[in-house]
Amino acid sequence: MTVAQNMGFALRNAGMSRADTRQRVLEVASMLELTELLDRKPSKLSGGQRQRVAMGRAIVRRPRVFCMDEPLSNLDAKLRVSTRSHISGLQRQLGTTTVYVTHDHVEAMTMGHRVAVLKDGVLQQVDTPRELYDNPVNTFVATFIGAPAMNLIEASVADGVARLSGLVIPVPRGAADRVLIGVRPESWDVVGGDAAASLGVRVEQVEELGFESFIYATPVAQDGWSSRTRRIVIRSDRHTTVGAGDSLSIARRIRRKCASSIVEPSRASVEQYRCYRGPDVIGQQPPEVLARCPRRPGRR
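Just so you know, the sequence shown maps onto residues 1 to 300 in the UniProt record's numbering.
Have a look at this one:
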């Protein structure tokens, strides 16, 4: 079958006239920029074009809901970006509710109005992309959303603060003796070596991405660091001159709202945590419920 026949197949099966089918196929083909390809056979199409034909085949039926199951998984990286943008624009244009299944957090963050994060079939959190990024309810969501993932640093608590090497972070009253501190890569600042509450690190690797760089480092003082939290990722601008083997001092960026989370392991499961923002408790994960941390009163 040609592209036009493929797109109109369901309509013809439903008894629609040939003229009406042709008209609707032309409308959708124009929307998807497929008009010049209607007489081609599938074997003559690229991967991205085939994906648009598949979407057109669904759109001509004018459904109330679209369900897309990893539609971009077989496309190369460059084509995936352009097709992702095309699908988002199409959804806005049609206004049709769309359920989109993906294992790619970038697709979820850039395309979803609301995102449901599941692990082993269990719902972890449902929220807007921004809330998922700023206020993850547990370590799975925190490390799934964002690339590189949030730094999780295990630290001891004494006298109301978490201390690890030179890092000092206030914690809420009643926190456990050991906590996990979650800090996004962009929430670190490179500071002078004599800065208060700074952490000395040694650079292992620098990834240059053109518009930004990611610095992978380990703390100079290893005492007290668990093996799973011993590597730190720092996002820097593109003008960084840091290289492997260099030593730096870093500090948590306190001017950024929600720069880090402090999470305390619950007794029920190592994957369920109480979530804190600054000095105030904003929520607790009950053992039987996985839901988003409630907001503080007055917070928008």
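In this text, a Cβ means the ideal position worked out from N, Cα and C, and glycines have one as well.
What are the residues that DSSP puts in a beta bridge with residue i?
i	result
glutamine 124	Paired residue(s): none; glutamine 124 is not in a bridge.
glutamate 186	Beta-bridge pairing links glutamate 186 to no other residue.
valine 65	Thr97
serine 213	Glu208 and Ser236
asparagine 151	Val183
arginine 178	Ser156
threonine 139	None, per the DSSP bridge assignment.
alanine 116	Val126
valine 161	Ala158 and Pro170
threonine 218	Arg202
isoleucine 250	Val190 and Leu199
Thinking just about the alpha-carbon of each residue, which of the options is nearest to the one in residue i?
i	options	result
leucine 79	Arg184, Arg64, Arg50 and Thr2	Arg50
arginine 130	Gly15, Gly112, Val168 and Ala4	Gly112
residue 307	Arg230, Leu152, Arg253 and Arg163	Outside the displayed span of the chain (1 to 300) sits residue 307, for which this structure offers no information.
aspartate 127	Tyr133, Val137, Val115 and Asn138	Val115
asparagine 6	Ala19, Met55 and Ser30	Met55
glycine 200	Val242, Ile250 and Arg230	Ile250
arginine 184	Ile232, Gln23 and Thr96	Ile232
Rounded to whole angstroms, what is the Cα-Cα separation between residue i and residue j?
i	j	result
glutamate 271	aspartate 189	For glutamate 271, the pLDDT reaches just 40, beneath the cut-off of 50, and the residue's location in the model is therefore unreliable, although a value from the coordinates is still provided. If you take the alpha carbons of glutamate 271 and aspartate 189, they lie about 29 Å apart.
alanine 221	leucine 248	12 Å
threonine 2	arginine 40	5 Å
asparagine 135	proline 148	17 Å
methionine 150	alanine 217	14 Å
valine 28	glutamate 212	39 Å
glutamate 36	isoleucine 145	39 Å
valine 53	glutamate 186	40 Å
proline 172	glycine 160	7 Å
threonine 83	asparagine 74	12 Å
leucine 164	leucine 152	13 Å
proline 63	threonine 110	23 Å
aspartate 246	phenylalanine 214	14 Å
alanine 176	glycine 182	15 Å
leucine 32	serine 88	12 Å
leucine 72	valine 81	9 Å
histidine 86	proline 219	43 Å
arginine 12	alanine 4	12 Å
leucine 132	alanine 142	8 Å
serine 30	valine 242	50 Å
arginine 18	leucine 34	19 Å
arginine 24	asparagine 138	47 Å
alanine 108	alanine 77	16 Å
alanine 14	valine 106	38 Å
leucine 26	leucine 38	9 Å
Who are the Cβ neighbours of residue i in its own chain at under 6 Å, not counting the five residues just before and after it?
i	result
alanine 10	Arg61
isoleucine 59	Val28
residue 304	Only positions 1 to 300 of the chain appear in the structure, and residue 304 is not among them; the question remains open.
leucine 167	Leu199
methionine 16	none
Kindly list the residues whose CB is nearer than 8 Å to the CB of residue i, restricted to its own chain and excluding five residues on each side of it in sequence; keep chain order.
i	result
phenylalanine 140	Val117, Lys119, Gln124 and Glu271
glycine 278	Residue placement at glycine 278 is poorly supported in this model, since its pLDDT is 37, which falls under 50; the coordinates are not used for a value here.
threonine 240	Val206, Ser213 and Ile215
arginine 57	Asn6, Met7, Phe9 and Ala10
threonine 96	Pro63, Arg64, Val65 and Phe66
arginine 22	Ala4 and Gly8
aspartate 20	Leu11
Between which residues of its own chain and residue i is the CB-CB distance below 7 Å, once the five residues before and five after are set aside?
i	result
alanine 244	Val203, Glu204, Gln205 and Val206
glycine 210	Arg238
Answer yes or no: does any C-beta atom of chain B fall closer than 8 Å to that of residue i?
i	result
glycine 245	Structure shown: chain B not included; a single protein chain is present.
Following a CB-centred definition, is residue i positioned closer than 7 Å to any heavy atom of the ligand ZN?
i	result
cysteine 67	The ligand ZN is absent from the structure shown, which contains no ligand whatsoever.
Given 8 Å, three or more beta-carbon pairs between the region 92-111 and the region 39-56:
Contact between the region 92-111 and the region 39-56 is absent: fewer than three C-beta pairs spanning the two stretches fall below 8 Å.
Under 8 Å: do the region 147-158 and the region 113-130 share three or more Cβ pairs, one atom per stretch?
no
Inter-stretch contact at 8 Å, needing at least 3 Cβ pairs: the region 68-85 / the region 94-106
Contact holds between the region 68-85 and the region 94-106, because three or more Cβ pairs, one in each stretch, are under 8 Å apart.
How about the region 203-214 and the region 232-240: do they share at least three Cβ pairs that are nearer than 8 Å?
yes
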